[in-house]
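There are 2 protein chains.
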Amino acid sequence: MKHSEGLEWAIHSCALLAMMPPGTPLPRRLLAEFFELPEPYLAKQLQKLSQAGIVETRRGPRGGYVLARKPEDITLLQMVEAIDGPDRHFVCTEIRRCGPTGVAGKHYTRPCGIARSMWKAEAAWRKELAATSLADIQHLGMAETPPEQTAKAIAWFQANLLQGETE
Amino acid sequence: MKHSEGLEWAIHSCALLAMMPPGTPLPRRLLAEFFELPEPYLAKQLQKLSQAGIVETRRGPRGGYVLARKPEDITLLQMVEAIDGPDRHFVCTEIRRCGPTGVAGKHYTRPCGIARSMWKAEAAWRKELAATSLADIQHLGMAETPPEQTAKAIAWFQANLLQGETE
Ligand code: FES
Ligand code: FES
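Chains as they are written, first to last, in our numbering: chain Z, 26 to 192; chain A, 26 to 192.
Here's what the structure looks like:
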């Protein structure tokens, strides 16, 4: 069981957008360049984030992506579900009712114990993800980014964004 | 993100083995028949359970599968990892080091905050699964099985196991 590869990219993208000064949309091309990612595949992740209401686009010569909400109001769970979908990981296909000893469906009054146990664990996972915000991720990231990188990043954004990039 | 389809089958198979009277191996053919599953694909799940030390085979004319440990000593986590593998669901590919602003690897002293946050949620999920035993699953199953089905199952096993089935 694995997350989509695009999940890592999506979370990094959101964390980077969270760092941008207010009113500074980030063109998709720069996002891809910053992380050395293939732009068409990154575009798919950004589209999913946009459909989930996490990012939005600004049109125009200085257009690009911005966060649609404050980092405090975006949870890790929302980003994960935007990319991987909201479905449960465990699917009960009701095989308890199959075979030579199964009886009519009406005799099974609630979800089976296997599914309930699996879903309880998923709920613990979701709860943890919902308790972590993009702001938390951003602060962890800021604390662990080497100062050399921070300096290079500021210089790189100044050089590239000042050129009036478009999406 | 989804579990393998075989996971449901594997857990049901273990729960059924847990119900068998001591010293009564269950032939694979009967396991498949009981749940109406394709035997070759069920065989793959049983092989994984066997590699994980959860079930074992008894040879001979009355051979078949038995649990390798008591249901109290088998956790839901062990069954899940036997089928899906023990790997983490979130993989950090260290893209923080990539791109025009990345700096040398030695400057990043520990796993990144994104991975740590994702793994924390996985740990909560694993903890929940590790706290549920096959005995718990078995008791939930017994409580919710319609009495008609229990009666049919006992009759079916008596009729089929008494014929001296082999694996
Ligand atoms: S009946 Fe199989 S998991 Fe619910
Ligand atoms: S650097 Fe991307 S998740 Fe760790």
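Virtual Cβ for every residue (Gly too), placed ideally from N, Cα, C. In this text the structure is predicted, and so the values were computed from the model without any measurement.
Fill in: Check: Z:A140 C-beta below 7 Å from any heavy atom of ligand 1
yes
Item to complete: Taking all protein chains shown into account, decide if Z:D109 is buried (16 or more other Cβ within 10 angstroms of its Cβ) or exposed.
Response: buried
Discussion item. With a threshold of 8 Å between beta-carbons, can Z:S142 be considered close to chain A, or not?
Written reply: yes
Item to complete: Please list the partners that Z:T118 has in chain A, where partner means a Cβ-to-Cβ separation under 7 Å.
Response: E33
Item to complete: Write down every uninterrupted run of the alpha helix (DSSP H) in the segment 93-178 of chain A whose length is 4 residues or greater and which is fully enclosed by it, in chain order.
Response: 101-109, 138-155, 159-169
Fill in: Nearest candidate by alpha-carbon position, reference A:L62, set A:E30, A:G85, A:V116, A:D98
A:E30
Worksheet entry | Cβ of Z:P125 within 8 Å of any chain A Cβ | yes
Worksheet item: Roughly how many angstroms separate the alpha carbons of A:E192 and A:R87, rounded to a whole number?
Response: For A:E192, the pLDDT reaches just 41, beneath the cut-off of 50, and the residue's location in the model is therefore unreliable, although a value from the coordinates is still provided. About 8 Å.
Discussion item. For ligand 2, is there any heavy atom lying closer than 7 Å to the beta carbon of Z:H37?
Written reply: yes
Fill in: Inter-stretch contact at 8 Å, needing at least 3 Cβ pairs: the segment 159-171 of chain Z / the segment 156-166 of chain A
no
Worksheet entry | Exposed unless 16 or more other CB atoms sit within 10 angstroms - verdict on A:T100 | A residue is called buried when at least 16 other Cβ atoms come within 10 angstroms of its Cβ; A:T100 meets this threshold and is buried.
Discussion item. Short of 7 Å Cβ to Cβ, which residues in the segment 164-192 of chain A face chain Z?
Written reply: L165, G166, E169, P171, E173, Q174, K177, A178, W181
Item to complete: Note down, in chain order, all residues in the segment 126-138 of chain A with a beta-carbon under 8 Å from any beta-carbon belonging to chain Z.
Response: T126, G127, V128, H132, Y133, T134, R135, C137, G138
Discussion item. My output table needs one value for A:R15: the three-state DSSP class, helix, strand or coil.
Written reply: One cannot answer for residue 15 of chain A here, as it falls past the ends of chain A, which runs 26 to 192.
Item to complete: Going by CA-CA distance only, name the one from A:R141, A:V128, A:A43 that's closest to Z:L154.
Response: A:R141
Worksheet item: Are at least three pairs of beta-carbons, each pair with one atom in the segment 54-70 of chain Z and one in the segment 106-126 of chain A, less than 8 Å apart?
Response: Between the segment 54-70 of chain Z and the segment 106-126 of chain A, the count of C-beta pairs closer than 8 Å reaches three or more; the two stretches touch.
Worksheet item: Can you check whether the CB of Z:G78 is closer than 8 Å to the CB of Z:R53?
Response: no
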